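Participant: Could you have a look at this structure, given as structure tokens, before my questions?
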Amino acid sequence: MPVETVQVEWVRDQVFLMADRFGFPIVMTQPSGVNGADLLPLSVIGCAAWDIVSIVRKQRQALTGLRVTAESVREDDPPWRFRKIRIVYRFSGHHLDPQKLGHAVELTEQKYCSTHATLRHVVELTSELTVVEDAEDGSQPGDQAVTLPVPSTPMPASQVVERFNEALNAQDVDAMMDLMTEDCVFENTSPAPDGARYEGKEAVR
């Protein structure tokens, strides 16, 4: 079995820079960053959502949206252990088959999602799903028309990576947070990535 390494580095005060095994960064702090304890339920529903979308696409269903929420219950006293996590899958699309969606959720939770498989032995995990049929214009019940601002030209990914590394070296957390709101791709920040590999590519979130 291969060893997978993730990392957390203290920046200053109660600000920490986290990196996954590929070097993609997450800033952990409050109130302007991720809360550390939230990463546990997020890892469960993030892992599940990834697998579910893949399965539903293979089912050739017309999925247009998936929102997964996790409601957690923790003990009142330290160390505030997680006791229950209720997962709600909200699917939207055209003529979706609830039975097939349920099968996708079951496959994900029982066979593919590593975090779910690990936690279900120590935390009470429950799940439910809802299905919303999109209207012909793509809207959903309760949707309201919203005028979106015209997006500005995205910063080239190579420039975003370069600036993020500069902010990291300067321990400028505000600058790092601003850059992480850009539509961008981050590569391993240590050592600094070769920006040339991003030339001519559009940045994506």
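The opening position of the sequence shown corresponds to residue 186 in the numbering used here, with each subsequent residue numbered one higher.
Each residue gets a CB set at the ideal place from its N, CA and C atoms; glycine is no exception.
In this text the structure is predicted, and so the values were computed from the model without any measurement.
What are the boundary residues of the beta strand (DSSP E) that includes G231?
Facilitator: Here G231 belongs to no beta strand (DSSP E); instead the alpha helix (DSSP H) covers L224 to K243.
Participant: Check A204 in the structure and name its three-state DSSP category.
Facilitator: DSSP places A204 in strand when its eight states are reduced to three.
Participant: Measuring straight from C-alpha to C-alpha, what distance separates E318 and E256?
Facilitator: Distance between the alpha carbons of E318 and E256: 24 angstroms.
Participant: Please report the Cβ distance between R275 and T315, rounded to the nearest whole angstrom; I am assuming they are in contact, meaning their Cβ atoms lie under 8 angstroms.
Facilitator: The pair is a contact, with the Cβ atoms about 5 angstroms apart (cut-off 8 angstroms).
Participant: Contact criterion: CB-CB distance below 9 angstroms. Does L227 meet it with respect to chain C?
Facilitator: Of the chains in the structure shown, none is chain C; there is only one protein chain.
Participant: Have a look at Y297, A360 and L353 and flag the residue whose alpha-carbon is nearest the alpha-carbon of A233.
Facilitator: Closest by alpha carbon: Y297.
Participant: In this structure, does DSSP put G218 in helix, strand or coil?
Facilitator: Correct three-state label for G218: coil.
Participant: With DSSP as the reference, label P336 as helix, strand or coil.
Facilitator: With a pLDDT of 41 at P336, under the threshold of 50, the predicted position of this residue should be treated as unreliable, and no value is reported.
Participant: Rounded to the nearest angstrom, how far is the Cβ of R252 from that of E260, given a contact under 8 angstroms?
Facilitator: That pair is no contact at about 28 angstroms.
Participant: Could you name the residues of the same chain whose beta carbon sits closer than 6 angstroms to that of G258, not counting the 5 residues immediately before and after it, in chain order?
Facilitator: First, the residue type needs correcting, since residue 258 is Val and not Gly in the sequence shown. Taken in chain order, the residues that qualify are R268 and K269.
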